[in-house]
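Chains as they are written, first to last, in the working numbering: chain A, 137 to 535; chain B, -9 to 343. All C-beta atoms in this analysis are idealised placements derived from N, C-alpha and C, irrespective of residue type, glycine included. The model shown is predicted, which means the values in this text are computed figures rather than measured ones.
In structure tokens:
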């Protein structure tokens, strides 16, 4: 038996979970770049340090984003990954594919790149992992010919993403897929040509379960919700009880607003909808019996982000309820006003949430034309450091 | 010249006929068994989804194998989830079990539904990133090997979302996960004064520091780092390549717990620090695997049904979390960033652990 060149990584071929090392070795059989990637990774496992240099500026004609430059810091040892750039391919909304489209992507990537991918990357894009500078444009040409386009990177609108929504979910209060797709198509220029202070992310979840983590991971989160009464099917409620569900214990007692009562005697569930905050728990536990109310729309939140630079933020409610029907004019107008204000006032590498924090929510609301409502805060301010607008003050003539 | 600005292919062409027919008209769903969802439409149509785990880092030949399976069992229709799982979409119930057998024969884990541990959202790590403090794919593989049975069984109080980001940039945005694994540095960046004047913009570099630890040295067209104020986030290196920060002996992993994004029951929450540092110990990161497993097991033994990790901790109290898990509480756990005092206890209501 010959000694393996990758004894450390070989250890990760063991065990029940699918092994990325096997995929790398599979690609390495065909592609020298994948083989050098494997060997460089082995060196990282030995050295406990990464071996990629800072990205350079590379791209395709007409675009400023979609390609991440990557160069090895040991081209002497691994010449086939001297340049090993990533291409972000905008995924089909909801990550739906027919296999012929996936096979096309594979053929293009075998022709131009390492044969390694991520399905999918953290932005949602299909990630084509590693090619040379010379192959970028021909690869993009082939992708475009096959009906694919690049996603966002850098200080651009990042590829918007959406939950599975009405395609396969009974809880969908909005058409998350269509909203995401229309936003993607309408805002193409922002995706491909970075022109903002920093990145901007839009994510669409069709209910408050938030399967794409919009509230934590996007500057602008669109989250489906409803007004009015939860739709109840009393027979199905009883069927859950008959099947052994402890409705009082698992549903009513866990309701954050305690807005529902289960009567064991007459086997009915009473919901005080005015107290409900639409958290989704009861619907999650009894999907057959409970459904969202009929008047549906979305809450809009802004500001969510990971730590860099000023700390992590969860998104803040700025519009409690907006009807969302094609062509979504009210939504897209609002997005444009928000981006204009951010673009006008934001410093380099300042995310929307950080800018609102620096200049104050009242300035943001005034600029984008939204009224202050109690749904925006957990509670009113506790400090007396209150600003008033000049027009709210009686001006005395100064002689 | 290639056409630009065409956007992604229209997803509607990739929807299987049963989804096109029932779009927006699903009545309810149930989880038939781990990894199998059964959605029923208003008109009685039934769609089966079979969910399988993947390593996320896929070769084109592996993708073609997935395509073969989708063509054999579900007319070529499939989707991926936000957690890197593969979902096969079947209109024919009779094909569900044969598909599962075919998947298992090729070692695809089937599961990740309901009260299980789904696939780990993660980042590039040493495979393809220039700022990582640890690898991503390796620790994920090692952890999922250990927690495999929790993917294929729905045996936990609620679902547990684990995610890994290999540095504070957090491409994986792990900051609201039940268990977040975060690569960290522990030593300040080392400005390379010979390269810095040529490759970095001084104001941008100074502004990149969240704690104001970087000062411009205009005379020498470089910067100086106040090591006492540096908390090793690496953001300066992101904007200035001449400030390397990686340090094999001191980089490693921190573990954060109790975050969630769903609004169900409790509001979305950030993950909070559980373990400030564990060493990078490739290829299998045994200390990290053991720590994650311990947290999962203690949670599974103590939480009530439907209670997420963070909800359980909020109910019993953080002081009891540290007692039950045996994790040491240190001065690192007490915040000293901008809004630190909001996290200090302002009541005498606490438990003895």
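Taking 7 Å as the limit between beta carbons, can you name the residues of its chain near residue 275 (chain A), skipping five residues before and five after? 223, 244, 248, 249, 267
Pair within 7 Å by beta-carbon distance, residue 297 (chain A) and residue 342 (chain A): no
Straight-line gap, residue 285 (chain B) to residue 315 (chain B) (C-alpha atoms, nearest Å): 6 Å
Is any beta-carbon of chain A found at less than 7 Å from that of residue 140 (chain B)? no
Mind checking the region 452 to 483 of chain A against chain B and listing, in chain order, the residues whose C-beta falls within less than 8 Å of any C-beta there? 483
Enumerated in chain order, which unbroken segments of the alpha helix (DSSP H) with a length of 4 residues or greater are wholly contained in the region 250 to 288 of chain A? 269 to 281
Taking CB distances under 7 Å as the criterion, tell me whether residue 348 (chain A) reaches chain B. yes
Find the residues of chain B that neighbour residue 195 (chain A), judging by a C-beta separation of less than 9 Å, and give them in chain order. Those do not exist, as residue 195 (chain A) stays about 12 Å from chain B at its closest Cβ, beyond 9 Å.
Looking only at C-alpha atoms, which of A:262, A:305, A:277 sits nearest to residue 123 (chain A)? Outside the displayed span of chain A (137 to 535) sits residue 123 (chain A), for which this structure offers no information.
Apart from the five residues on each side of it in sequence, which residues of its chain come closer than 8 Å, Cβ to Cβ, to residue 343 (chain B)? 309, 310, 312, 313
Minimum Cβ-Cβ distance from residue 242 (chain B) to chain E less than 7 Å: The chain inventory of the structure shown lacks chain E, comprising the protein chains A and B.
Compare the Cα-Cα distances from residue 200 (chain A) to each of A:380, A:154, A:287 and report the closest residue. A:287
Let me know if residue 209 (chain B) comes out buried or exposed under the rule of 16 or more other beta-carbons within 10 Å of its beta-carbon. exposed
8 Å contact criterion, which residue 41 (chain B) and residue 77 (chain B) should meet: CB distance rounded: 5 Å
In this structure, what does DSSP give as the bridge partners for residue 100 (chain B)? B:42
Sorted by chain position, which residues of the same chain lie with C-beta nearer than 8 Å to residue 235 (chain A)'s C-beta, five sequence neighbours on each side aside? none
Relative to the C-alpha of residue 219 (chain B), which candidate in B:29, B:305, B:207, B:202 has its C-alpha closest? B:202
Looking at residue 293 (chain B) and residue 417 (chain A), is the spacing between their C-beta atoms short of 7 Å? no
Whole-angstrom Cβ separation of residue 89 (chain B) and residue 48 (chain B), contact assumed at under 8 Å? Not confirmed; about 19 Å, so no contact.
Residue 442 (chain A) to residue 530 (chain A) span [Cα, whole Å]: 43 Å
Which residues of the region 153 to 169 of chain B have a Cβ closer than 7 Å to any Cβ of chain A? Give them in chain order. 158, 159, 160, 161, 162, 163, 165, 166
Assuming residue 164 (chain B) and residue 111 (chain B) make a contact with CB atoms under 8 Å, what is their CB distance in whole Å? 7 Å
Enumerate in chain order the residues of its own chain whose CB-to-CB distance from residue 302 (chain A) is below 6 Å, with the five nearest sequence positions on each side excluded. 308, 311
Alpha carbon of residue 468 (chain A) to alpha carbon of residue 477 (chain A), nearest angstrom: 14 Å
Residue 186 (chain B), enclosing alpha helix (DSSP H) - first and last residue: 186 to 189
How many Å lie between residue 61 (chain B) and residue 55 (chain B) at the Cα? 10 Å
Nearest chain A C-beta to residue 54 (chain B) closer than 7 Å, yes or no? yes
Beta-carbon proximity check, residue 322 (chain A) vs residue 295 (chain A), cutoff 7 Å: no
Going along the chain, which residues of the region 264 to 291 of chain B sit with their C-beta nearer than 7 Å to a C-beta in chain A? 270, 272, 273, 274
Express the C-alpha separation of residue 168 (chain A) and residue 190 (chain B) in angstroms, rounding to a whole number. 34 Å
Are the beta-carbon atoms belonging to residue 512 (chain A) and residue 453 (chain A) less than 7 Å from one another? yes
Is the Cβ of residue 298 (chain B) closer than 7 Å to any Cβ of chain A? no
Let's see if you can read the secondary structure: which residues bound the beta strand (DSSP E) around residue 477 (chain A)? Unbroken run through residue 477 (chain A) is the alpha helix (DSSP H), 465 to 481; no beta strand (DSSP E).
Against chain A, with Cβ distances strictly below 7 Å, would residue 16 (chain B) count as a contact? yes
Determine, using beta carbons only, whether residue 347 (chain B) comes closer than 7 Å to chain A. What is shown of chain B runs -9 to 343, which leaves residue 347 (chain B) out entirely.
Is residue 315 (chain A) close to chain B, meaning its C-beta is less than 7 Å from at least one C-beta of that chain? no
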